Structure formats: C-alpha cells, structure tokens
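Below: one structure, written as structure tokens.
Number of protein chains: 2
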Amino acid sequence: MSKEQFYLGIDMGGTHVKIAIVNSLCNIVEETVIDTDITAKPLDVIKTIISKASKLKNYSKVECIGVGIAGDVNCFDGSVRFSPNLPKWKNVALKQILEKLTKKKAFVDNDANTASIGAFWLDAKAKPVNLVCVTLGTGVGGGLIFNKKLYRGSSCTAGEIGHITVDPSGHKCKCGNKGCVETFVGAKYISKYAVEYLKTHKSPIIDKLVNGDHSKITPKVLSLAAAKGDKAAIAVWSYIGEKLGILFACIVNFVNPDAIVLCGGVSHAGKYLIEPAKREMKSRAFASAVKKCKIVISKYTNKLGVVGAAMLPKL
Amino acid sequence: MSKEQFYLGIDMGGTHVKIAIVNSLCNIVEETVIDTDITAKPLDVIKTIISKASKLKNYSKVECIGVGIAGDVNCFDGSVRFSPNLPKWKNVALKQILEKLTKKKAFVDNDANTASIGAFWLDAKAKPVNLVCVTLGTGVGGGLIFNKKLYRGSSCTAGEIGHITVDPSGHKCKCGNKGCVETFVGAKYISKYAVEYLKTHKSPIIDKLVNGDHSKITPKVLSLAAAKGDKAAIAVWSYIGEKLGILFACIVNFVNPDAIVLCGGVSHAGKYLIEPAKREMKSRAFASAVKKCKIVISKYTNKLGVVGAAMLPKL
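In order, the protein sequences belong to chains X and E.
If you want the working numbering, it's the position in the first sequence, counting the first as 1, plus 38.
If you want the working numbering, it's the position in the second sequence, counting the first as 1, plus 38.
And the structure:
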C-alpha cells in the first residue's frame with residue numbers, strides 16, 4: 039500500500055487565516071483557524087501560523103505547504119509584493135521564510151489563483167481542460183486554468199478580469215480605469231446601485247431586513263430579499279447579472295473554456311444573478327463557445343481557498 | 039550533418055492560396071501562389087493545391103503539411119466546419135484528405151492561429167512565453183500563444199477577440215453582439231467612421247487621394263493621408279486607436295502576455311494607430327502588466343500566415 043500524501047494549505051484572509059491538511063483526494067482531514075493580526079510583523083505572523091499548523095496531528099507527514107494570499111504575488115520567487123488586507127506586508131519573501139522555518143517545500147500564490155485550483159478539484163472534479171474561476175466579493179478577481187495547469191501570465195498578474203472594461207465611459211475604478219466590471223459587480227457597487235434603485239422603487243422586504251436603514255443594504259440582504267420573491271431585489275440582481283454577462287461573453291470569446299466557476303459572497307445570489315448573466319452572455323458570445331461552457335456556482339466557496347492553496351504543488 | 043527539415047505551408051485566403059516550403063529556421067526556401075477558385079468543389083481545390091505544391095523542388099523532402107484557413111476549424115480532427123471566404127467548404131475533412139492524397143502528416147488550423155505562430159517565430163524570434171497576435175483586416179481576429187504553445191480553447195474557438203464588447207450599447211455586429219471591437223476597428227467600420235468625420239472636417243489630402251469620392255476611402259487611403267501629415271486622417275486613426283487600446287487593456291489584464299503583435303492591412307497605419315492605442319491601454323490596464331507587454335506591428339504581415347501554417351507541427 040502506497041503511503042498517503044498530505045498537503046498543508048494556508049488561506050490568508052484579512053480577518054482569518056484558515057489552515058488545513060488535505061489528502062490527495064482533496065479532502066480536508068484536519069483544519070484550524072486563527073485571527074489575522076494585521077498589525078504584527080510579517081515574520082511573527084508566519085511563525086504563529088506555523089506554530090498553529092505544527093500542532094495538527096498529521097503535520098509531520100506533510101511534505102509541501104501552499105499559501106494563498108490576496109494581492110500581488112511574485113510567482114517566480116513566491117514573495118508577496120503587497121497585500122491590500124495586510125498593510126505591513128511589502129516584499130515579504132514568504133516562500134523562502136516558510137521553507138527555512140519548516141524544512142518543507144513551499145508554494146505561494148494569489149488567492150484568486152488558489153480559488154481556481156480549488157474550483158478545478160472540488161467543483162469540477164479535475165475534468166475540465168480549461169476553467170476560469172471568477173471570485174465575486176468586495177473585488178472581482180479571476181484565476182485561469184489552461185490545459186489543466188494554472189496560467190499565471192508573464193509577470194504573474196494574469197486573470198485580472200475584474201478590471202476588464204464593460205462600459206468605457208462608466209464610473210472611475212480604484213485601479214485607475216473607467217467602467218471596469220468591478221464597478222458594477224463589486225459588493226459595494228451592488229449596494230450603492232440598490233440604494234439608488236430603491237429611491238424610485240419600493241421594497242417592504244428589504245426595508246424590514248435593514249430596519250429601514252438603506253445604508254445597511256449588502257449583497258447578502260439583496261440575496262435574502264430576492265429569495266423571498268422581492269421584485270426590487272430581483273431587478274437589482276438582474277441589472278448586476280447583465281453586467282456580469284458581458285464579462286462572461288468576453289471570457290467565452292477570448293479563451294473558450296469548458297467552465298466558468300463563480301465563488302465568493304456575491305455568488306450566493308444564485309439564480310437571481312446567474313440567469314440574467316447567462317442570457318446576456320448568450321446574446322453576446324459565439325454560440326459554439328457558449329454551448330461548450332458550463333457556468334456554475336461553487337458549492338465549496340468557504341474552502342476553495344484553503345484546499346486550492348494545499349493543491350498548489352499539484353497544479 | 040543532420041538532414042535539414044522542410045515544412046510545407048499553405049495559406050488559404052479568399053483571393054489567393056499561398057504555398058511555401060519553409061526550413062526549420064522559418065526561412066521560406068521556395069514559394070508559389072495560385073488564385074483561389076471559390077466556385078470549385080473543395081476536393082478539386084485541394085488536388086490543385088497539391089499538384090502545384092508537388093512541383094516545388096524540395097516537395098519530396100517535406101514530411102508535414104500545415105494549412106491555415108479563415109473560418110471555423112475543428113482542431114481535434116482538422117476538418118473545416120465552414121469558411122466565410124469559401125462558401126462551398128462545409129464540414130470538409132481537410133486533414134484527412136490531405137494525408138490520404140500526399141501520404142504526409144497534415145495539420146489544419148484557423149488563419150488567426152497560424153498568424154500567431156508566424157508572429158511567434160518571425161517577429162518575436164520564439165522568445166516570448168506568452169504572445170497574443172491581433173489580426174486587423176476586414177475582421178479582427180486573434181491567436182493566443184500560452185507557454186510557447188498555441189492555445190485553442192475547449193472547442194477550438196479561443197482568440198475571438200474581435201468580438202469582445204468595448205461599448206455595450208454600440209453598433210450591432212454581424213456576430214449578433216453589440217459594440218464589438220470589430221465594429222470600430224474592422225476595415226469597413228474605419229472607412230465608415232472616416233466618411234462621417236469628413237462631413238464636419240476638411241481634408242484636401244484625402245479628397246485628392248480618392249478624387250473627391252468619399253465612398254473610396256479605405257484604411258489604406260487613411261494611412262497614406264496620415265503619413266502625409268493630414269490632420270483629419272490622424273484624428274480618425276486616433277479615435278480608432280483608442281478603441282483598440284480598450285482591447286489591449288482587456289488582453290493585458292486578462293492574460294498578461296509578453297507581447298501583442300499586430301498584423302493585417304489595418305496595422306499598416308503604424309504609429310498613427312498604435313500610439314493612441316498604447317496611451318489608452320496605459321490609462322486602463324494594470325501598470326506592471328502594461329510594462330511587461332511589448333506592442334509591436336509585425337514586419338512580416340504578408341508571410342505570417344504561410345510560415346505559421348508551415349510551423350503548425352512545431353507549436
């Protein structure tokens with residue numbers, strides 16, 4: 039009987055660090071979580087994570103460590119150029135530090151890339167040859183799997199699909215561009231659009247959910263309201279879905295994937311978001327490429343990152 | 039001394055079929071051309087091409103044949119589903135027929151894909167890891183080289199970048215979508231825009247070039263006029279270049295390539311097209327990805343297709 043292989047995955051978010059040991063079937067065999075200390079020195083944060091991970095029962099059997107982190111990661115040397123969630127992290131040689139401290143091989147990548155690896159193994163069961171993962175949260179990110187391998191581009195920034203222009207004269211985006219898809223589909227923009235929409239439309243259901251305070255409207259509130267049949271919430275999702283559909287059409291025409299997998303908090307809107315997006319995509323993209331491409335919402339949003347990080351050595 | 043290898047390339051256009059024998063350094067050692075008979079049966083066209091090719095001195099030394107053809111090619115079996123230039127060509131088993139008739143191995147692909155292979159070898163000297171070739175003519179096409187391999191997507195339609203939306207409420211495109219980049223940058227649309235522009239702006243230089251008949255304005259005329267310093271022509275190219283720049287930004291943010299190579303008739307506008315496109319790209323795309331990506335106009339537009347076709351077996 040061959041020895042079972044174990045992988046350590048670390049998903050570094052702005053609030054929590056998820057740590058899990060994953061077997062070669064992508065099952066989490068052990069997991070733990072710590073709060074992210076954004077004020078601590080990077081080296082101390084790394085030491086705390088390793089200390090926590092080393093208490094896991096199977097830690098000694100782990101040969102490789104994979105880390106997913108939001109921000110700009112140099113995929114050639116595994117260093118973190120910067121991370122929006124971790125202001126102290128600037129040019130941190132994360133891979134090198136991890137390998138020195140643990141004597142294990144380490145892999146570091148952007149969290150949208152690790153999410154795409156998670157989607158490839160968990161949602162898509164490693165079947166598709168080409169897959170695009172779209173992360174829908176505060177920002178809109180993307181991870182690309184081409185020919186069953188992670189595609190990182192020539193300077194590790196491939197997959198910045200949230201900043202593809204869908205309306206050249208649209209709102210200014212924080213990236214400097216105008217009318218990026220993120221300025222429609224990013225969580226804050228969705229809330230903002232909903233607040234505007236509700237100035238001219240009534241929704242007793244949303245009003246009840248936020249106690250009449252529209253500044254408390256979030257995508258989660260809009261998803262709950264839509265699920266209760268609220269017309270205003272459904273109309274808002276329909277508008278957002280159309281913009282997302284323009285991005286889908288771009289993805290499908292450009293790279294002709296087998297699947298687009300959506301994950302992240304905003305994807306919980308489910309059919310209210312995805313159905314209008316599919317309609318818009320169909321009206322805009324090549325029929326044969328549309329037919330080939332499955333659009334699915336990840337069933338594993340909460341563990342894509344940590345499992346994908348663990349599986350980095352395999353993709 | 040090892041035996042020199044020879045490759046036969048066939049570039050099937052709507053007007054001419056270019057045929058060349060290419061050595062492993064991508065130099066054309068022999069070439070010939072025939073008119074395309076669009077009314078003949080596909081099998082007869084293929085026989086004529088082989089007959090012509092077999093008269094080339096080094097034909098017997100050729101082991102592989104590569105064909106580039108406009109249209110929808112099934113990259114799995116090398117059949118031509120349809121070709122817009124060749125109305126009689128529907129589901130033609132081109133690879134199979136060629137192999138049967140010649141006893142040589144055959145490869146068939148879309149002409150934008152073969153152009154990208156040509157750009158990779160000729161313009162880029164096989165150096166870039168990731169390259170996007172943008173073909174600018176009547177239509178706007180694209181070929182993708184990822185990790186030094188041609189990327190075809192999951193149903194052989196990857197690279198349809200001419201139909202990426204740059205203005206969601208723009209003109210209707212023949213593909214069914216609205217505001218595709220092709221509806222700004224395609225040759226006919228450029229001419230149409232110029233005619234409109236000249237209703238409110240004067241250009242004695244263009245007037246002279248077309249003998250006062252604006253229906254004769256083409257991208258070639260506009261390039262000539264711009265080269266003579268004509269302000270109206272330069273302004274038209276500037277507008278077209280901005281739209282092309284939105285596409286460049288999309289390419290750069292999405293797949294972070296080492297290079298974008300432009301080819302085709304419209305690319306002859308040179309700096310008048312490319313400078314505004316670069317400016318627009320810079321204002322819209324991620325700085326590090328922009329910095330990484332060289333934008334070049336192919337120096338080999340007329341032979342990219344035939345050399346790329348010949349080199350199909352190598353990529």
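Don't be surprised by glycine CBs; every beta carbon is placed ideally from N, CA and C.
Owing to the predicted nature of the structure, the values given are computational and were not obtained by experimental measurement.
Residue-chain proximity (residue i, chain E), Cβ-Cβ < 8 Å
| i | result |
| --- | --- |
| V83 of chain X | no |
| S321 of chain X | yes |
| S92 of chain X | no |
| P330 of chain X | The residue you asked about is not Pro; residue 330 of chain X is Lys in the sequence shown. With 8 Å as the cut-off, K330 of chain X counts as an interface residue toward chain E. |
| I354 of chain X | This structure does not reach residue 354 of chain X, given that chain X is present from 39 up to 353, and the question cannot be answered. |
| C213 of chain X | yes |
| I228 of chain X | no |
| S326 of chain X | yes |
| N296 of chain X | Note that residue 296 of chain X corresponds to Asp in the displayed sequence, not to Asn. Yes, D296 of chain X lies at the interface with chain E (some Cβ there is under 8 Å from its Cβ). |
| F114 of chain X | no |
| F158 of chain X | no |
| F120 of chain X | no |
| F44 of chain X | no |
| F222 of chain X | no |
Beta carbon proximity, residue i to chain X, threshold 8 Å
| i | result |
| --- | --- |
| Y189 of chain E | yes |
| I107 of chain E | no |
| N340 of chain E | no |
| I199 of chain E | yes |
| N291 of chain E | yes |
| D49 of chain E | no |
| I284 of chain E | yes |
| P206 of chain E | yes |
| C102 of chain E | no |
| C288 of chain E | yes |
| F184 of chain E | yes |
DSSP beta-bridge partners of residue i
| i | result |
| --- | --- |
| L188 of chain E | E:I183 |
| K143 of chain X | X:C102 |
| T70 of chain X | X:I57 |
| M50 of chain E | E:V55 and E:I107 |
| S117 of chain X | X:N112 |
| T203 of chain X | X:C218 |
| V170 of chain E | E:L182 and E:I298 |
| I333 of chain E | E:I298 |
| V130 of chain X | X:V118 |
| K210 of chain X | X:K216 |
| Y277 of chain E | In the DSSP output, where bridge partners are listed per residue, Y277 of chain E has none listed. |
Same chain, Cβ closer than 7 Å to residue i, five either side skipped, listed in chain order
| i | result |
| --- | --- |
| Q221 of chain E | A small correction: the amino acid at residue 221 of chain E is Thr; Gln does not occupy that position in the sequence shown. Contacts found: G208, H209, C211 and Y227. |
| K337 of chain X | D161 |
| D75 of chain X | V83 |
| M319 of chain X | G283, F286, A287, V290 and V328 |
| C331 of chain E | V290, P295, D296, A297 and I298 |
| K95 of chain X | E68 |
| K281 of chain E | V204, V219, F222 and V223 |
| V100 of chain X | F44, Y45, L46, I59 and K142 |
Residues of its chain near residue i, where Cβ-Cβ distance is below 6 Å and the 5 sequence neighbours each way are ignored
| i | result |
| --- | --- |
| T152 of chain X | G106, G343, G346 and A347 |
| W127 of chain E | P80, V118 and S121 |
| Y45 of chain E | V60, C102 and A348 |
| T256 of chain E | S229 |
| N123 of chain E | G52 and A108 |
| D110 of chain X | R119 and F120 |
Sub-8 Å separation of residue i and residue j beta-carbons
| i | j | result |
| --- | --- | --- |
| G303 of chain E | A196 of chain E | no |
| A58 of chain X | E42 of chain X | no |
| C288 of chain X | I202 of chain E | yes |
| G116 of chain E | L132 of chain E | yes |
| C64 of chain E | W159 of chain E | yes |
| N148 of chain E | V167 of chain E | no |
| A307 of chain X | S261 of chain X | yes |
| V223 of chain E | I135 of chain E | no |
Sequence-distant residues of its chain with Cβ nearer than 8 Å to residue i (five each side left out)
| i | result |
| --- | --- |
| S253 of chain E | V233 |
| H54 of chain X | V71, I72, D73 and T74 |
| L139 of chain E | I84, K85 and I88 |
| K266 of chain E | I243 |
| G217 of chain X | T203, V204, D205, P206, S207, G208, H209 and C211 |
Chain B residues whose Cβ lies nearer than 9 Å to that of residue i
| i | result |
| --- | --- |
| N168 of chain E | As a matter of chain content, chain B is missing from the structure shown, whose protein chains are X and E. |
Quick test of the definition: if touching needs 3 or more C-beta pairs under 8 Å, does the stretch 74-85 of chain E touch the stretch 159-179 of chain E?
no
Cβ contact (3+ pairs, closer than 8 Å) linking the stretch 185-194 of chain X and the stretch 288-297 of chain E
yes
Tell me, please, whether the stretch 342-352 of chain E touches the stretch 94-106 of chain E by the rule of three or more beta-carbon pairs shorter than 8 Å.
yes
Can at least three beta-carbon pairs, one atom from the stretch 40-53 of chain E and one from the stretch 61-77 of chain X, be found at a separation below 8 Å?
no
Using 8 Å as the Cβ pair cut-off and three pairs as the minimum, do the stretch 309-316 of chain X and the stretch 179-190 of chain X touch?
no
Would you check if there are 3 or more beta carbon pairs closer than 8 Å linking the stretch 132-145 of chain X to the stretch 272-285 of chain X?
no
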